[in-house]
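Visitor: According to numbering that gives the first Met the number 0, the sequence shown is numbered sequentially starting from 0.
For every residue, glycine included, the Cβ atom is placed at its ideal position computed from N, Cα and C.
Sharing a structure with you now.
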Amino acid sequence: MNKKERLIMAFSIVIGYVSAQYLMQTFIKIQNPTPIPTQLVNLVIFLLIGYPLFLLINTLLKWFFRNISNK
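Take a look at the structure:
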């Protein structure tokens with residue numbers, strides 16, 4: 000894995016994690032009467048939304064950099 004791929008991976012992970020945190024905070028505000036453990040909610044939201052978002056961003060960035068380097 001070269002330096003550019005590591006940078007793409009790190010950027011994708013950060014965006015996926017931040018999205019999961021934001022959605023977790025929104026979800027906790029909505030379901031206020033019966034709180035669920037925060038770590039569990041964070042894990043579920045990250046697995047359902049953060050990881051697919053990570054894969055999408057990772058793929059798009061790889062495609063973008065591949066097209067730039069070909070020109």
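(1) From residue 64 to residue 5, what distance separates their C-alpha atoms?
(2) What is the DSSP secondary structure of residue 51, reduced to helix, strand or coil?
(3) Taking the straight line between their C-alpha atoms, what separation do you get for residue 39 and residue 17?
(4) Are there 16 or more other CB atoms within 10 angstroms of the CB of residue 56, so buried, or fewer, so exposed?
(5) If residue 45 sits next to residue 11, beta carbons under 8 Å apart, how far is it from one beta carbon to the other, in whole angstroms?
Guide: With the structure as the only source:
(1) 13 Å
(2) helix
(3) 16 Å
(4) buried
(5) With a Cβ gap of about 13 Å, residue 45 and residue 11 do not count as contacting.
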